[in-house]
Amino acid sequence: MTEEPHSEPRSAPDSGPPGAPGDRAPGETYAELAAVGPYGVRPGHALITMVEPHPGHEYAYNRWYEDDHYYAGAMAMPWMYAGRRWVATRDLQLLRRPEKSAVAQPVTAGCYLSTYWITDGRYDDHMRWTVAINKRLNRDARVYRDRTHVFTAFQDHEATVYRDGAAGPRDFHALDHPYAGLVLQVVDAETPERRADLLEWLRTRHLPGRLAGSPTALVTVFRPTPLPGDRMTYVRQVEGVDTRLTLLWFLETDPRDCWESHFTGLEEAVTGTGLGRVELLAPFVPTVPGTDRYVDRLR
């Protein structure tokens, strides 16, 4: 069992070029940015966003996201180097726990989940771009309004725990590898001071035991960061910044085939430590890019 902690700094002091933009010819800035700052492959940061299209808007929302937003609002941005969309059909929504969730009200809300990796040490650089481009997309009427952000947060990587040690895909492969399912788990520590203890228990004791012999190849653990003050108004500020941990379980089988056998008892295991509680446990399967598969099974 291998655990890889986050190690690189949040942002590099040389991440931007000197001088005012007007001092350079168009395009020069890109060459300078490429020459400085971190450019490793570790997912130092992530965007994890769970969204509920409003009733009657499921097809239109999916086409907007598939045909435009996934690219113009995400993958075309600097330092966001991998992405994957996931979907919870109605039968998967009904598997979610706990019934009373601090994350989703009702717990079935949020049938689409998008996950993106951001290069370690490039969070601040990326955020400057994402705020600017989303303002432009909004101004150009390329933002779909009939949806609700149930759980949207940029997050910092804390740990990755692997079932098979050094064998198999790494966390930076996870959004490109054809995993059959994903489970989103949100855990809140009892107090901000206990989050470090909760993380240590998860990565050294709980997750290694859970992954052994299971269909889960790896689990990534993140902690949320506050959204910038100039974010778009339709995205609410992140909750639980001081207490919350977000886990992504990457499955080699459909979550329906292993839900009872491998995801029973997770809440009790966490609460039994006295360190925290599970606020959401939600299974998803991958979408099929460019299609409307599963859209007719959301309600």
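Residue numbering for the sequence shown follows this note's numbering, starting at 105 and increasing by one per position. Backbone N, C-alpha and C define an ideal beta-carbon position, used for all residues, glycine too.
Among Ala236, Leu303 and Glu343, the one whose alpha carbon lies nearest that of Val254
Glu343
Given Glu162, which residues of its chain have a CB within under 7 Å of its CB, disregarding the five upstream and five downstream residues?
Val399 and Leu402
Work out the CA separation of Ala284 and Val389 for me, nearest whole Å.
Rounded to whole angstroms, Val389 to Ala284 spans 6 Å at the Cα level.
Out of Met179, Phe326, Ala321 and Gly214, which has the shortest C-alpha to C-alpha gap to Asp268?
Nearest C-alpha to Asp268: Ala321.
I want to know whether the stretch 240-252 touches the stretch 133-148 - three or more CB-CB distances under 8 Å.
Remark: fewer than three beta-carbon pairs, one from each stretch, lie closer than 8 Å, so the stretch 240-252 and the stretch 133-148 are not flagged as touching.
Alpha-carbon to alpha-carbon, Tyr174 and Tyr266:
Distance from the CA atom of Tyr266 to the CA atom of Tyr174, rounded to whole angstroms, is 28 Å.
Straight-line gap, Pro359 to Thr223 (C-alpha atoms, nearest Å):
29 Å
Opening and closing residue of the alpha helix (DSSP H) in which Pro312 lies:
Leu311 to Leu315
List, from N- to C-terminal side, the beta strand (DSSP E) runs of 3 residues or more that fit wholly inside the stretch 212-251.
216-223
So what does Asp292 bridge to, in DSSP terms?
Arg348 and Arg381
Could you tell me whether the Cβ atoms of Thr391 and Trp233 are closer together than 8 Å?
no
Taking Cβ positions, are Val155 and Gly214 nearer each other than 8 Å?
yes
Gln209 in three-state terms, based on DSSP:
coil
CA-CA distance, Ala135 and His277?
27 Å
Give the secondary structure of Pro359 by DSSP, where H, G and I count as helix, E and B as strand, and everything else as coil.
helix
Simplified DSSP state of Met154, which is helix, strand or coil
Judged by DSSP in its simplified three-state form, Met154 adopts strand.
With burial defined as no fewer than 16 other Cβ atoms inside 10 Å of the residue's Cβ, what is the status of Met231: buried or exposed?
buried
How would you write the range of the beta strand (DSSP E) that Arg189 sits in, first residue to last?
According to the DSSP assignment, Arg189 belongs to the beta strand (DSSP E) that extends over Met184 to Val191.
In whole angstroms, what separates the C-alpha of Leu384 from that of Glu132?
If I take the Cα positions, the gap works out to 46 Å.
Considering only residues of the same chain and omitting the five flanking positions on each side of Thr295, which have a CB-CB separation below 8 Å?
Only Thr347 meet the Cβ criterion.
Three-state class that DSSP yields for His161 in the structure shown
coil
DSSP three-state assignment for Ala284, whether helix, strand or coil:
coil
Would you mind stating whether Pro157 and Asp250 have Cβ atoms separated by less than 8 Å?
yes
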